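Residue numbers (the working numbering), protein chains in the order written: chain Z, 3 to 409; chain C, 202 to 487.
Think of the CB as a built atom: it goes at the ideal place given N, C-alpha and C, for glycine as much as any other residue.
The structure displayed is predicted, hence computed values, not measured ones.
Everything on this sheet refers to the single structure shown next.
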């Protein structure tokens, strides 16, 4: 009897605690919800390789994207139909692999329920992410593409190209090259064997020939785990080109190719989009680092657009550097946020419709026309101006801005 | 002619590096029966230590190479004592242990120094020109160092008492113990030598190519390929295997493109193994 009474008292106390806790937490939540009613969060997923292949550059993209988020939020966020929103960046590591990219995209889309995603960079990763975001109708601002239709094209209607891809960046380089080196008449295309060669090769060959540059033979290809580039470069140089056009690859392989070419006695210009000079210098070494041209921002140059001038000191203060991939990450977020703001909607379908009907959009590098309908079969490419930088005698310098409108 | 000579030099440099890495791997496998999956990570750490001394602390690069080699050698002794000895004879547990070491080393380097691009400056900068042929002095020196180390190691195994004891342990561990050989001491020496060789290779390759926390993964695969091709238990066969694998990797891209080269390279190794299932110089495993 006594035990029964004690049990009853214990039960009442337990129930009181449980209900008390629930009521209190409801009160607290209610209060905080009320406080947060003024400003809401807009979740944007960021897919980057923080480990594994490509993580050297993609950790810098992560830094740039976070800086974009902070910068937008400090300026008051964005306002959609009168409702202010703060950007909340949710970062997932793709681990530099296709399966890692799918897992990361699944987490963002199905666990975190994001409707907007920024990333990724490497073709197999872009393709892998698309298998998740496209069926889920999640709007994606891709950071790159190598012109393969499975990455970006009519079959990926929810994918936009926020940054310049292989075609845009390298077309800008070719435009600059023929202007600066009129004596250069022949080139060899060197492309990683990542599935892009059948698509990218013909597009870049046409772009080169349109500018009076003859492409010698078929593209020379290499794989991502190549250690020694001697045979690859020997094969390219055996055709006696005036210049080498390296298309794609991270700074590690591109720097190794430049070093190998110089060691083999090649002194002509070497170009590669999206592989900035400061990184190439670290890999190739001072002796080999000359007559190399890339796309990329030199933040210290006076010939920079206002936004770049504004964020460069922020990068330096936060990270101790302002590197090309930092700007890449920043622009990826910035362009997407501008598209959402222009659509005045948080519905991916409405943002998509609005974005593809825009004639131009604000980018970090200035106003950028939209293009790509003829080249990719989809008018989702943000054709922003492209900065060209040079590496001469181990010194990095900004040389020119080139406007590229991909038809 | 220029292409042929450059390719031959490239093949020799690659082969000597593969051999340096694979020898350490083969030593541990033969003497301790340890399939050391951490060997690639040790190669990577060796390169980073050399970088820290040479670039961050501004020490002489050759001295940095020596320090890196000594540190990784000492690490090898520690590895044998703490990670391998408690599981002696238990291959499965040592495999799990080596995988754990890979994770610890790669993550530590990733967290401490980051994944940003680094490359060691050239040990011997400059290009040697002979007519139309130009060769990288760095590659020639790397090949020379590799050759000297391999010669030294071969002499050590053939002539030194500890080397002979290693050979005995690798051939018949129980017999070696009955002859009064301290199997753990020999294992520690082998582990130290293996790690030191990997550190030399990591530092030299870090100068020719670049450093990354994951650079060892590829080398580990190459070391495994090479040891299987040479024949498990054959330290001498690693030399021949290294030359074959290095030459395949250096020559094939001239004739085939992209991923095809890798498939063809592996195809050649498979054919060789079909002809000699025990590897080129392998002995019967009982």
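Leaving out five residues on either side along the sequence, give the residues of the same chain with a beta carbon under 8 Å from the beta carbon of residue 270/Z.
186, 243, 244, 245, 246, 293
Would you say residue 244/Z reaches chain C, if we count a Cβ-Cβ gap shorter than 8 Å as a contact?
no
For residue 331/Z and residue 66/Z, which I take to be in contact (beta-carbon distance under 8 Å), what is that distance rounded to the nearest angstrom?
3 Å
With which residues is residue 247/Z paired in a DSSP beta bridge?
191/Z, 273/Z
Mapping the DSSP letters down to three states, classify residue 397/Z as helix, strand or coil.
strand
Please state whether the Cβ-Cβ distance between residue 382/C and residue 372/C is less than 8 Å.
no
So, does the CB of residue 94/Z fall closer than 8 Å to a CB anywhere in chain C?
no
With burial defined as no fewer than 16 other Cβ atoms inside 10 Å of the residue's Cβ, what is the status of residue 308/C: buried or exposed?
exposed
If we count the other Cβ atoms within 10 Å of its Cβ and call it buried at 16 or more, is residue 330/C buried or exposed?
exposed
Per DSSP, which one or two residues make a beta bridge with residue 161/Z?
142/Z
Any C-beta of chain Z under 8 Å from that of residue 217/C
no
Residue 86/Z, enclosing beta strand (DSSP E) - first and last residue:
85-95
According to the Cβ coordinates, are residue 156/Z and residue 380/Z closer than 8 Å?
yes
Between residue 381/Z and chain A, is the shortest Cβ-Cβ distance under 8 Å, so that the two count as touching?
Protein chains in the displayed structure are Z and C, and chain A is not among them.
Taking the DSSP output, what are the residues bridged to residue 294/Z?
272/Z, 393/Z
For residue 47/Z, which of helix, strand or coil comes out of DSSP?
strand
Would you mind listing the alpha helix (DSSP H) stretches within the stretch 200-263 of chain Z that are 4+ residues and don't spill past its ends, in chain order?
232-239
Which class does residue 115/Z belong to by DSSP, given the choice of helix, strand or coil?
coil
With a 10 Å radius around its C-beta and 16 neighbouring C-beta atoms as the bar for buried, classify residue 137/Z as buried or exposed.
exposed
Would you say residue 219/Z lies against chain C (beta-carbon separation less than 8 Å)?
no
Chain Z within 8 Å of residue 404/C, Cβ atoms only
no
Classify residue 34/Z as helix, strand or coil using the three-state DSSP reduction.
Low confidence applies to residue 34/Z: its pLDDT is 40, below 50, so where it sits in the model is not reliable enough to give any reading.
Sorted by chain position, which residues of the same chain lie with C-beta nearer than 7 Å to residue 420/C's C-beta, five sequence neighbours on each side aside?
222, 241, 244
Since residue 1/Z and residue 365/Z are thought to touch, with beta carbons under 8 Å apart, how far apart are those beta carbons, to the nearest angstrom?
This structure gives no information on residue 1/Z, because the portion of chain Z shown stretches from 3 to 409.
Which value, in whole angstroms, describes the spacing of the CA atoms of residue 89/Z and residue 53/Z?
25 Å
Can you give the beta carbon distance from residue 178/Z to residue 397/Z, rounded, assuming they're within the 8 Å contact cut?
So it is not a contact: roughly 18 Å between Cβ atoms.
In whole angstroms, what is the alpha-carbon distance linking residue 202/Z and residue 353/Z?
29 Å
In three-state DSSP terms, what is residue 52/Z?
coil
Quick one: what's got a C-beta closer than 6 Å to residue 24/Z's C-beta in the same chain, skipping five residues either side?
Note on residue 24/Z: pLDDT 42, under 50, position unreliable in the model; the coordinate value appears next. Taken in chain order, the list of residues that qualify is empty.
Sequence-distant residues of the same chain with beta carbon closer than 6 Å to residue 278/Z, five excluded per side:
296, 298, 326
Within-8 Å CB hit, residue 270/C to chain Z:
no
Please state the DSSP three-state secondary structure of residue 256/C.
helix
So, does the CB of residue 285/Z fall closer than 8 Å to a CB anywhere in chain C?
yes
Can you give me the Cβ contacts of residue 354/C inside the same chain, cut-off strictly under 7 Å, excluding the 5 residues immediately before and after it?
224
Taking C-beta pairs closer than 7 Å, name the residues in chain C that residue 330/Z reaches, listed in chain order.
Simply none; closest approach about 15 Å.
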